[in-house]
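Q: In this note's numbering, the protein residues as written are 329 to 579.
Here a beta-carbon is modelled for each residue, glycine too, at the ideal position from N, C-alpha and C.
For clarity, every value in this text was computed on a predicted model and none was experimentally measured.
1. Which residue comes first and which comes last in the beta strand (DSSP E) that contains residue 589?
2. Would you grab the beta carbon distance between residue 528 and residue 514 for me? Rounded to a whole angstrom, and I think it's under 8 Å.
3. Between which two residues does the beta strand (DSSP E) holding residue 554 run?
4. Helix, strand or coil: which one does DSSP assign to residue 351?
5. Of the residues 567, 565 and 554, which one's Cα is nearest the Cα of residue 577?
6. Between the region 495 to 507 and the region 463 to 479, can you find at least three pairs of beta-carbon atoms closer than 8 Å?
7. Per the DSSP calculation, residue 533 is bridged to which residue(s)?
8. Across which residues does DSSP place residue 508 in a beta bridge pair?
9. Under the DSSP definition of a beta bridge, which residues are partnered with residue 432?
10. Classify residue 567 as buried or exposed, calling it buried when 16 or more other Cβ atoms lie within 10 Å of its own Cβ.
11. Let me know if residue 412 comes out buried or exposed under the rule of 16 or more other beta-carbons within 10 Å of its beta-carbon.
12. Under the rule that 16 or more other beta-carbon atoms within 10 Å means buried, what is residue 349, buried or exposed?
13. For residue 387, tell me which candidate among 376, 459, 381 and 396 has the shortest Cα-Cα distance.
14. Does the distance from the CB of residue 361 to the CB of residue 399 come in under 8 Å?
15. Considering only DSSP beta bridges, list what residue 566 is partnered with.
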């Protein structure tokens, strides 16, 4: 089955990844439960794909790596350069967390840890998958649609798809979130410290964002905007509504 991402591995971000090494792969099999997957000093593409039984296949810059059947933990390090990691899950439940410092995916009989990676792309591929994305103290941007969620800032970019539960924390700074609904009947709840959009099989919460914008494209959608005990401004029009107050702007 073709992977859900609708782009070519070699064309991501318009970069040329490290040339395919000649001879032995970068990582060799070993009868141990932990495997280190290492990139080079150049810009690398590392792809991990999980099977139904939890076995993981690994390629580095297009070269398949030898994986011991006893390996259940994979420690991935980009090793320098502008690196990209792509991970494909199973139809079972996976739990993932990503931040600028690193990340982790835990599933049935496997654990994948990331470090020194600039771009991380996760595809849940079914199951009750959950992901937590944490931003930086800078100004980060979140863009969500029913098909994909992208969260980016200085030094990092995360893209996830086919996750049912998504929690994104701004981490400080003047962060902005745009949440696009589905064709189903969606619900948006705007609070002074968070915005939540759910419906169509996806539930996403943006917490700690200065601005949260929810967009309706179809269905019988509803929105509820909450204020604080302080002084807020509400504007209601036929096509949009906005609630603004100290440190938040929801509409």
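A: Based on what the coordinates show:
1. The shown model of the chain, from 329 to 579, leaves out residue 589, and the question about it has no answer.
2. Residue numbering aside, residue 528 sits at position 200 when the chain shown is read from its first letter. Residue numbering aside, residue 514 sits at position 186 when the chain shown is read from its first letter. 6 Å between Cβ atoms; contact.
3. To locate residue 554, count along the chain shown from 1; it is residue 226. From DSSP, residue 554 is part of no beta strand (DSSP E); its letter is neither H nor E.
4. Within the chain shown, residue 351 is the residue found at index 23, counting from 1. Note that residue 351 has pLDDT 42, beneath the 50 cutoff, so the model's placement of it is unreliable and no number is given.
5. Translated into the one-based positions of the chain shown, residue 577 becomes position 249. Taking only the C-alpha atoms, the option nearest residue 577 is 554.
6. Three or more Cβ pairs drawn from the region 463 to 479 and the region 495 to 507 lie within less than 8 Å of each other, which places the two stretches in contact.
7. The sequence position of residue 533 within the chain shown is 205, counting from 1. The partner list for residue 533 (beta bridge, DSSP) reads 495 and 524.
8. As a position in the chain shown, residue 508 is number 180, starting the count at 1. Answer is 543, bridged to residue 508.
9. Stepping through the chain shown from its first residue, residue 432 is reached at position 104. Answer is 425 and 441.
10. Within the chain shown, the letter at position 239 stands for residue 567. Per the 10 Å Cβ criterion, exposed.
11. For the purposes of this step, residue 412 is identified with residue 84 of the chain shown, where counting begins at 1. So residue 412 counts as buried.
12. To locate residue 349, count along the chain shown from 1; it is residue 21. Here residue 349 scores only 46 on pLDDT, less than 50, and its place in the model should not be relied on; the value that follows carries that caveat. So residue 349 counts as exposed.
13. Locating residue 387 in the chain shown gives position 59, counting from the first residue. Out of 376, 459, 381 and 396, 376 has the C-alpha closest to the C-alpha of residue 387.
14. Translated into the one-based positions of the chain shown, residue 361 becomes position 33. Translated into the one-based positions of the chain shown, residue 399 becomes position 71. Closer than 8 Å, so yes.
15. Residue 566 sits at position 238 when you count from the first residue of the chain shown. Looking at the DSSP assignment, residue 566 forms no beta bridge with any residue, so it has no partner.
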